Structures are given as structure tokens and as C-alpha cells.
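Take any residue in the sequence shown, count from 1 to its spot, add 1: that is its number in the working numbering.
We put the CB at the ideal spot given by N, CA and C, even for glycine.
Remember, predicted model here, so these are calculated numbers, not experimental data.
The next block holds one structure in the form of C-alpha cells; read it before the comments.
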Amino acid sequence: MKYGIKEIADIINCSSVINEPAEKISFLLTDSRKLLYPEESLFFAIRTKTGDGHDYIPALKQSGVKNFVVENIPDNVDDGCNYLICDNSIQALQELAAAHRNKFNIPIVAVTGSNGKTIVKEWLYQMLCNRLNICRSPKSYNSQIGVPLSLWQLDESHKLGIFEAGISTTGEMENLQKMIRPLICIFTNLSDAHDEGFASREEKLMEKLKLVKDCRMLVCRKKYGIEKYARQINRSIFVASWEIDDKNSDYNFHIESNAGQSNVSVVHNGEKFEFTLPFTDEASLENAMHCIVCSYLLGETPFMYNLEHVEMRLTLLEGIRNCTLIDDSYNSDMNSVIMALDFMAANAEQKKLKRTVIISDINPGGRKENDIYAELASLLKKKDIDRLVGIGDSICKYSKLFDCTKSFYPSARDMISAGEKFDNEIILIKGARHFGMEIIVAALEKKQHETVMEIDLDALVHNFKSMRSNIAPRTKTMAMIKADAYGCGDLEVAKTLAHHHCDYFGVAVTDEGVELRKAGITSKIIVMNPEPSCFERLISYNLEPEIYSFKLLGEFANKVDAQGLRNYPIHIKIDTGMHRLGFVPEETGMLAAGLKARPTVKVASVFSHLAAADDPTADEFTKQQLEIFDKTTKELRQHLGYGFIRHILNTAGIWRFPEYQMDMVRMGIGLYGVGLTPENDIRNIATLKTIILQIKHVRQDETVGYNRKGVLSRDSRIAAIPIGYADGLDRAFGNRKGYVLVHGQKAPFIGNICMDVCMIDITDIPGVQEGDEVIIFGDKLSISELAEKTGTIPYEILTKVSKRVKRVYLS
Ligand SMILES: *Cc1c(COP(=O)(O)O)cnc(C)c1O
Numbered sequence: 002m003k004y005g006i007k008e009i010a011d012i013i014n015c016s017s018v019i020n021e022p023a024e025k026i027s028f029l030l031t032d033s034r035k036l037l038y039p040e041e042s043l044f045f046a047i048r049t050k051t052g053d054g055h056d057y058i059p060a061l062k063q064s065g066v067k068n069f070v071v072e073n074i075p076d077n078v079d080d081g082c083n084y085l086i087c088d089n090s091i092q093a094l095q096e097l098a099a100a101h102r103n104k105f106n107i108p109i110v111a112v113t114g115s116n117g118k119t120i121v122k123e124w125l126y127q128m129l130c131n132r133l134n135i136c137r138s139p140k141s142y143n144s145q146i147g148v149p150l151s152l153w154q155l156d157e158s159h160k161l162g163i164f165e166a167g168i169s170t171t172g173e174m175e176n177l178q179k180m181i182r183p184l185i186c187i188f189t190n191l192s193d194a195h196d197e198g199f200a201s202r203e204e205k206l207m208e209k210l211k212l213v214k215d216c217r218m219l220v221c222r223k224k225y226g227i228e229k230y231a232r233q234i235n236r237s238i239f240v241a242s243w244e245i246d247d248k249n250s251d252y253n254f255h256i257e258s259n260a261g262q263s264n265v266s267v268v269h270n271g272e273k274f275e276f277t278l279p280f281t282d283e284a285s286l287e288n289a290m291h292c293i294v295c296s297y298l299l300g301e302t303p304f305m306y307n308l309e310h311v312e313m314r315l316t317l318l319e320g321i322r323n324c325t326l327i328d329d330s331y332n333s334d335m336n337s338v339i340m341a342l343d344f345m346a347a348n349a350e351q352k353k354l355k356r357t358v359i360i361s362d363i364n365p366g367g368r369k370e371n372d373i374y375a376e377l378a379s380l381l382k383k384k385d386i387d388r389l390v391g392i393g394d395s396i397c398k399y400s401k402l403f404d405c406t407k408s409f410y411p412s413a414r415d416m417i418s419a420g421e422k423f424d425n426e427i428i429l430i431k432g433a434r435h436f437g438m439e440i441i442v443a444a445l446e447k448k449q450h451e452t453v454m455e456i457d458l459d460a461l462v463h464n465f466k467s468m469r470s471n472i473a474p475r476t477k478t479m480a481m482i483k484a485d486a487y488g489c490g491d492l493e494v495a496k497t498l499a500h501h502h503c504d505y506f507g508v509a510v511t512d513e514g515v516e517l518r519k520a521g522i523t524s525k526i527i528v529m530n531p532e533p534s535c536f537e538r539l540i541s542y543n544l545e546p547e548i549y550s551f552k553l554l555g556e557f558a559n560k561v562d563a564q565g566l567r568n569y570p571i572h573i574k575i576d577t578g579m580h581r582l583g584f585v586p587e588e589t590g591m592l593a594a595g596l597k598a599r600p601t602v603k604v605a606s607v608f609s610h611l612a613a614a615d616d617p618t619a620d621e622f623t624k625q626q627l628e629i630f631d632k633t634t635k636e637l638r639q640h641l642g643y644g645f646i647r648h649i650l651n652t653a654g655i656w657r658f659p660e661y662q663m664d665m666v667r668m669g670i671g672l673y674g675v676g677l678t679p680e681n682d683i684r685n686i687a688t689l690k691t692i693i694l695q696i697k698h699v700r701q702d703e704t705v706g707y708n709r710k711g712v713l714s715r716d717s718r719i720a721a722i723p724i725g726y727a728d729g730l731d732r733a734f735g736n737r738k739g740y741v742l743v744h745g746q747k748a749p750f751i752g753n754i755c756m757d758v759c760m761i762d763i764t765d766i767p768g769v770q771e772g773d774e775v776i777i778f779g780d781k782l783s784i785s786e787l788a789e790k791t792g793t794i795p796y797e798i799l800t801k802v803s804k805r806v807k808r809v810y811l812s
């Protein structure tokens, strides 16, 4: 909506010098740093304790601003600009905002109170924005200047306005009330904040309540006792009071909280509403109740599934490769885009960085997509944005609108996989929460000298499902999570797979099982190597032992007996050819007798382990193992007189001998990303990565590392990376036997691998800088390839990554 300059002069009723009567105004500016559109901006020169807006007029004129509201006339007014001369610029701003607001006959909600104003405003917006196009205050614009700027955003498309009103001293609320003229007021609560501006708490309350002067309805919590004071100001006001478990309130909420959630029910007009909120703290609940009651007063059912935490601050982070990041990965409406761009402009200036915006689809808030992206394109242009990365299908559709360097991806993850490079840029990362833009922030943030192993839990689930699809639905699954889930972290793996209905977990020792129990894993857990010294712990944590010898059987049964328990589940291991642990088939009769003599224990399952399921040349032997197992277990069942779960297949067995799946299979290495053939449909889950600490030019006649083993054949660029054999990196990779990936290209290890650090040769990779990422293994450099190089197996590579390497989980 545009106003002519003369129209504005009339509204604020002031004297003026009009040199350009045709000037139109769309934007109000009170802070010269936030200048976006010089042609259509009206600058209010405001005097505060700390500064004088009049000082910025010359610079603004230089930038093309032509319209000014001033308190005193500049020396030379013959300059083609327009000056509106008033007594008080803030007052003029407020009068203009009030006149603008009066053009719209829509419900306006005003939010005041000591705490929670911004959250209540944002949540009310979130609850209703799917149905109504809403104009709301940006951030916490609730002051004498913030409120008029907020109201100025109202236009014909809005169906509802939500504005904050905040005051710090007497006399302020009257101004705000006159401007906002709300239909509904929400009074959040009353605390001691800002007491210094008031003579008493009561004075503060009465001042705040001036907001309700001409309004129709007030939403408040009964326990604050605001109602009677509100009536002193507005006799005929309709008060909608709410409380928790109080029949005398208009809205009587009942709340049951557990496990981080609150189940809320409320009876209103004889109708019962029930919903779940994703928090349990008193302040959040109070804020949400205000919004819910207000929604009902507006005749709307609140939409509750998408309440997002309200982040109030943009954060500046140090990025990789000399970049600066602005993390605003919380929301994506147009207002907040403007604010974020302002913030970016302010920070880019000091550092002279290129400007890049990575942004997800924008919440259209009831407007046409086309308009939204056209507006975004023009904003980016005004703010001199050099580069755009769009994330999402909608923004991609409008790619033509943007005329800067640009690229588009369906998701944040796709952008990361594509390996976009950023250099000396200030990067605004902005998007709705469900786009998961935080993974971009994580990828671009400069890490402290850190070597991490990233575990992709989505890939883990994929692998689980992929193997599951190879067997019958009724067949149970056991995930082997011994040795800290092959180094990937048993807790996270167990939690993830328990969620996907994995039936059993297999750990190596009792303590591993105990840790899982302590972390809340309730699934069945088998301890493969139960140490007799730990039997008591094992029993008290409800873990189930593998029993592989008569000695162990006797000892365990006695321990169970001592605790007065019966039928304690155990798992019998049969040695069918591996010759490691287990009862041999010839012992079946004796085993059955031993078991029958000990009613304290009951066989839950019987199993065996294949020695070479992955090796086609040993298939005859494997078949023999399978047959021996089948025969032995059938015999045992006959002797015992009761059934049990039978299982023998490991990962390779699941792929190669699914006809022997029996009642359960045991998944191991496949879960962790190593398949036999591409048909196995297994994804890598672990990426071991680090960063470059230091780069050196080393002359051909010099050497690198201990014992001068790193001999050079040419002048070289050598990078040091913080990973060594103490992190689990095999020393055998040194001296060019192995390599890492830098920018996706091979960089061989040079010299001996040291304990904590090693060196790589990056001579052939252009543009590498300190801080760049280095991949030891991952999607593009597989664990299997590494294993082959040093003559070991993928299992060892994975489990060797030492505890001091931090595990980072992605999902
Ligand atoms: C480790 C282990 C497995 C899993 O083997 P993978 O080859 O990794 O699938 C299965 N069963 C037993 C008894 C194990 O110890």
C-alpha cells in the first residue's frame, strides 16, 4: 500500500517542504542501517538518549532517500527532497501508523504482560496461520517505535493482526492502545520486571491494562486476579478467564504431563477438546493456554501439531573456509527473512564478505507463491546478495525469478551430498524447521580440531529393513551390538532398532548389557560372553546369558537358584564346526539331561554360528554346519519336551542361506554398512572424518615425519591432520599405502603415521585450505577398501576406531 507524500503530511498534520510532490511512500525507516528501498522510504529522524537520527540524513540522501520526517529544518532544503517538519518524530510515526491501522476492519489481537509476549504472539500465529493470513509484529517489536512499524505492515490481504505491546514506564500504553485498537487483549502474566519505571506493582498493572480501554475481550489467567482491575478501565469488557483445574474459570483446563508431553483437555460450551502439547513446563503451558483460549474467541479451532520453539536470536558462527554463518534455521516467513537480511548486511559490511543466502521454501502465509518468491527475489537484489541456494520444491519452481549465482536442491541433505563449496562468504542459513537446515549449519560450521565418526542412523534403519526384507515376517531379528555396536555406539543403535521392532540385542559382556538397561532399553538382551563373576549383575538387570559349557550351565543355574528364581531364560550355543565355544553335537543327550535336572533355567533359544557363510568356496562346509544344527536342535527338543527359538544365520547367512532362517536371524556387519554384493542393498553408515590442521610447502630434498620415512620426489604441499594410530588408524596405511579424500580427491598418507597426527600429500589437489574436511572412510571410500589394503576385514577397521573419537549421530 502506497501513500503520497502530501497525504502523509496531512495525516501527521505538520508543516512541510515538498520539492517532489509525486513521491510515494511504502516503507518507514527509523534506523538508517536497515535501508532497503531508498525510492519509497520515509525516514523518521528520531532523537534518543544515545543518538540523533538527523545525523544520518546526508548519508541517506546519498543512497537515494528523498523523504524525511524531521524535528528541525536542514540548512539547505532546496535539494529535491521532501521534509515533513514536526515537533516529535516518534509521535508523527505513531499518528501515521494509527491512521494506517484504521483503514482495516479486521480483528486485532494485542498481547501484553510481563513475560511470554513474543512466544504467545508466535504460537497464536502458528496455531492459525494455516487458515488465516496474519500480520504480526516482527520479533519482539513492541515498543513505541516497534509497534507503529509493525502496524505499518498491515495490508488488504490480512485477515487478522497480532501485535505485541510492551511498556517500561507510565504514559506509554495509552499511545500503544490508540494505535493498535485491539479487539482482543491477551494479558500473559504479571511479574516484577521493569518495576523501576513504576511507583508500585499496582500502578504497573493499571498502566498495562490501559490496553483494554476500548477492547471487547480479555484473555487472562484467573490466578493473576486481573479481572477486577480490567473492569475499572473497561466496564463492559468480556473477560475469558482460564485456569488449570478450577471449575469457576471460563475455560477449565486439565493437564496430565509425562515423558515430555502434556495431554490437555478443556470443556468449553459443553464441547470437550483434547490435544497434546510437546512440553510440560509451566511457562510454556501458560503461554499455550492463552493462545488456545484466544483462538476459540476468534471462532477458530487452534491447529496444534506444529508448535515450534520460538528462537529470538540470530546466531553468528565461524564457518569453514573463512566463512561467517548466520544460523536462522528456525522459521521461514517473509518478515523474518527481511530481518535476517538486515542482520546479515550489518555484519557483511565490517568483514567485506560475499553474501550468500541458503533458504528453504517460504511459508506463504495465505499469499500466492508467485508473489512471495518475487518479493524474495527483489529483496535479495536490494540487499546485494551474490549467491542463492534454494532448498525445497517450491522455491525451485521459481528459480527464474532470481538473478544472482544460484543453485537449487530438493532437501538440505541433497545440498550437502552435492558438495557445494563456499569460500570467504557470509552465509545466511534460513528455513522452516522441518527442512532440517541445521545439518547445513553443522556441515559449514568450523569444527574445533576434531576427528569424528559420523553415524547415519537413517542408513542403519535402511540396512535393517533391507535385511529384514530377505526373511519371512514371522522370523525374529537379533541385532548384534557387541563391541559398542561394532564401534558405532551400542546405545544409539539399540534405541534406533528397538524403535523398529528388533526383537533381541546381542552384547559381548555383561557390562554392555547393564549400560543398555540403564539407558532404558527394555528389549531382550543376550550376553554372549557371560563372566561368572558378573552373574548377579546379569540377573538383576534381566539379561540373558549364552551358555556354552556344562561348567557354565552349573554355575549359572546355581546362581539363579540362590536367588530363588525359576525358568530363567538361557541360550544354548552349539558348536557345529566353528570350534570356538559351544556344546558339540555328541553332547546333546547329556546336555538335555543336565537341563532337565536344573528347572531354575529354561532354554529360550538354541543357536550356532557359521564359520564361513560369506565364502562360496566353503559352501559345502556351511551346508554341513546347517544340517548338523538342524539335526541337533531337533534331537534336543525331543529330549527336553518343549520348544525354543532356533537361530544360526549371521549377516552373510541371511543373504546366502535364507532357507535356514528358522525362528530368528542375527544381524551384524550388514547393519553397519558392509554388504557382500551391491544387490544386498546396504548403505554405508559410518564416516570417519577430520580436518586439516596445517599446510606446509616442503622441498623435494626434505623428508616428512619420524625416521625421515616420508621421502619426496618433488616439491610438495603436505597437510597435517589430527588422527593417528591411537585413534585406530592403522599404521600400515603410512608411507603411501593408504589415502584419504580431500575435496573428493585422493591424498596419500606420507611418512609414518604418528600416534595422534599424520601427514597427507595434497600437492595434486588445488585450492585446499587449513580447516578443510578430510575423509578417512565414508560413502566414497569404503571400509572394505581400507580393509583390503591392510589385509584385514571391515569389522576390524570399524571396531578399531578408538573411544576418544567422538561419535556424531545424524538422522
Ligand atoms: C558377531 C556375531 C554375529 C554377527 O555376525 P556378522 O557377520 O557381523 O553378521 C552373529 N552371531 C554371533 C554369535 C556373533 O558373535
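Inset, instruction - Using 7 Å as the cut-off, classify the Cβ of residue 578 as near or not near the heavy atoms of ligand 1, replying yes or no. - result: Start at 1 with the first residue of the sequence shown, and residue 578 comes out as number 577. False, no ligand heavy atom lies under 7 Å from that Cβ.
Inset, instruction - Might you give, ordered along the chain, the residues of its own chain that have their beta carbon closer than 7 Å to the beta carbon of residue 243, omitting 5 neighbours on each side? - result: Counted from its first residue, the sequence shown places residue 243 at position 242. Excluding sequence neighbours, residue 243 sits near 222, 223, 250, 251, 252, 254, 290 and 294.
Inset, instruction - Quick one: using the 10 Å Cβ neighbour count with 16 as the cut-off for buried, is residue 537 buried or exposed? - result: For the purposes of this step, residue 537 is taken as the residue at position 536 of the sequence shown. Classification of residue 537: exposed, given that the 10 Å Cβ count is below 16.
Legend entry - Collapsed DSSP secondary structure at residue 605 in the structure displayed: By 1-based counting over the sequence shown, the position of residue 605 is 604. In the structure shown, residue 605 adopts extended strand secondary structure according to DSSP, grouped into three states.
Legend entry - Sequence-distant residues of the same chain with beta carbon closer than 7 Å to residue 268, five excluded per side: Mapped onto the sequence shown, residue 268 falls at position 267. Answer for residue 268: 253, listed in chain order.
Inset, instruction - Check each residue's C-beta against every heavy atom of ligand 1 and list, in chain order, those closer than 5 Å. - result: One residue after another in chain order, those with a Cβ under 5 Å from a heavy atom of ligand 1 are 481, 610, 651, 652, 667, 669 and 670.
Inset, instruction - Count the other C-beta atoms from every protein chain shown that fall within 10 angstroms of the C-beta of residue 714, then say buried if there are 16 or more, exposed otherwise. - result: Your numbering for residue 714 matches position 713 in the sequence shown. Classification for residue 714: exposed.
Legend entry - Bridge partners - residue 626, DSSP secondary structure assignment: Residue 626 sits at position 625 when you count from the first residue of the sequence shown. Its beta-bridge partners do not exist; DSSP assigns none.
Inset, instruction - Output yes or no for whether 8 Å exceeds the beta carbon distance between residue 112 and residue 104. - result: Taking the first residue of the sequence shown as 1, we reach residue 112 at position 111. Taking the first residue of the sequence shown as 1, we reach residue 104 at position 103. Not in contact: residue 112 and residue 104 (Cβ atoms no closer than 8 Å).
Legend entry - Classification of residue 649 by the beta-carbon crowding that lies within 10 angstroms, buried from 16 upward: The sequence position of residue 649 within the sequence shown is 648, counting from 1. Label assigned to residue 649: buried.
Inset, instruction - Spatial neighbours of residue 1 within its chain, please: CB distance less than 6 Å, with the 5 preceding and 5 following residues excluded, ordered by chain position. - result: Because the chain is modelled from 2 through 812, residue 1 falls outside the range shown and cannot be assessed.
Legend entry - Sufficient close CB pairs (3 or more, under 8 Å) joining the stretch 726-736 to the stretch 493-500: Look at the beta carbons and you see the stretch 726-736 not touching the stretch 493-500: under three pairs across the two are nearer than 8 Å.
Inset, instruction - Could you please give me the residues that DSSP links to residue 243 through a beta bridge? - result: Here residue 243 corresponds to residue number 242 of the sequence shown, with the count starting at 1. Partner(s): 222 and 252.
Inset, instruction - Taking residue 325 as the reference, give the member of 305, 302, 358 and 581 with the closest Cα. - result: Within the sequence shown, residue 325 is the residue found at index 324, counting from 1. The shortest Cα separation from residue 325 among 305, 302, 358 and 581 belongs to 358.
Inset, instruction - Check residue 647 in the structure and name its three-state DSSP category. - result: The residue you call residue 647 lines up with position 646 of the sequence shown. The three-state reading of DSSP puts residue 647 in strand, counting E and B together.
Legend entry - Range of the contiguous beta strand (DSSP E) that encloses residue 84: Along the sequence shown, read from residue 1 onward, the residue named residue 84 stands at position 83. Residues 83-86.
Legend entry - Alpha carbon of residue 677 to alpha carbon of residue 763, nearest angstrom: By 1-based counting over the sequence shown, the position of residue 677 is 676. By 1-based counting over the sequence shown, the position of residue 763 is 762. Straight-line Cα distance between these residues: approximately 32 Å.
Inset, instruction - Specify, as a first and last residue, the run of the alpha helix (DSSP H) that residue 59 falls within. - result: Working through the sequence shown from its first residue, we reach residue 59 at position 58. 58-63 is the extent of the alpha helix (DSSP H) around residue 59.
Legend entry - Option nearest residue 305 by Cα separation, candidates 323, 319, 317 and 279: Position 304 of the sequence shown, counted from the first residue, corresponds to residue 305. Checked all of 323, 319, 317 and 279; the closest Cα to residue 305 is 279.
Inset, instruction - Determine the extent of the alpha helix (DSSP H) in which residue 148 is found, giving its start and end residues. - result: For the purposes of this step, residue 148 is taken as residue 147 along the sequence shown, with counting starting at 1. It spans 147-152 - the alpha helix (DSSP H) in which residue 148 sits, taken as one unbroken run.
Inset, instruction - Mark residue 662 as exposed unless 16 or more other C-beta atoms lie within 10 angstroms of its C-beta, in which case mark it buried. - result: Here residue 662 is taken as the residue at index 661 of the sequence shown, counted from 1. Residue 662 should be labelled buried.
Legend entry - Span of the beta strand (DSSP E), counted from its first residue to its last, around residue 269: Here the question's residue 269 lines up with position 268 in the sequence shown. In this chain, the beta strand (DSSP E) harbouring residue 269 covers 262-269.
Legend entry - Selection from 692, 297 and 24 that minimises the alpha carbon distance to residue 272: Here residue 272 refers to the residue found at position 271 when the sequence shown is read from its first residue. It is 297.
Legend entry - Proximity test, Cβ basis, 8 Å: residue 207 and chain C: Although the question refers to chain C, the structure presented lacks it and comprises just one protein chain.
Legend entry - Identified DSSP bridge partners for residue 478: Walking along the sequence shown from the start, residue 478 turns up at place 477. Bridge partners of residue 478: 666.
Inset, instruction - Out of 82, 52 and 39, state which residue places its alpha-carbon closest to the alpha-carbon of residue 22. - result: Position 21 of the sequence shown, counting from 1, holds the residue named residue 22. Ranking 82, 52 and 39 by Cα distance to residue 22 puts 82 first.
Legend entry - Close beta carbons around residue 798, own chain, < 6 Å, minus the five adjacent residues each side: For the purposes of this step, residue 798 is taken as the residue at position 797 of the sequence shown. Cβ neighbours of residue 798 beyond the five flanking positions: 784, 787 and 788.
Inset, instruction - Compare the beta carbon distance of residue 545 and residue 525 with 8 Å and say whether it is the shorter of the two. - result: Taking the first residue of the sequence shown as 1, we reach residue 545 at position 544. Taking the first residue of the sequence shown as 1, we reach residue 525 at position 524. For residue 545 and residue 525, yes; Cβs fall inside 8 Å.
Legend entry - Exposed unless 16 or more other CB atoms sit within 10 angstroms - verdict on residue 154: Counting from 1 along the sequence shown, the entry for residue 154 is found at position 153. If you draw a 10 Å sphere on the C-beta of residue 154, you find 16 or more other C-beta atoms in it, and that means buried.
Legend entry - C-beta contact flag for residue 9 and residue 61 at 8 Å: Taking the first residue of the sequence shown as 1, we reach residue 9 at position 8. Taking the first residue of the sequence shown as 1, we reach residue 61 at position 60. For residue 9 and residue 61, no; Cβs fall outside 8 Å.
Legend entry - Bridge partner(s) assigned by DSSP for residue 717: Stepping through the sequence shown from its first residue, residue 717 is reached at position 716. Residue pairing of residue 717 in beta bridges, as defined by DSSP: 699.
Inset, instruction - Say whether the stretch 641-648 touches the stretch 456-464, bearing in mind that this needs 3 or more beta-carbon pairs closer than 8 Å, one atom from each stretch. - result: no
Inset, instruction - Rank 339, 773 and 704 by C-alpha distance to the C-alpha of residue 37 and give the top, closest one. - result: In the sequence shown, counting from the first residue as 1, residue 37 sits at position 36. That would be 339, whose Cα lies nearest to the Cα of residue 37.
Inset, instruction - Tell me, please, whether the stretch 704-711 touches the stretch 748-755 by the rule of three or more beta-carbon pairs shorter than 8 Å. - result: Put simply, the stretch 704-711 touches the stretch 748-755. At least three CB pairs are less than 8 Å apart.
Legend entry - Exposure label - residue 756; buried when at least 16 CB within 10 Å: By 1-based counting over the sequence shown, the position of residue 756 is 755. The residue is exposed, with fewer than 16 neighbouring Cβ atoms inside 10 Å.
Inset, instruction - Could you name each continuous beta strand (DSSP E) segment of 3 residues or more that falls completely within the stretch 64-121, going from the start of the chain to the end? - result: 68-71, 83-86 and 109-113
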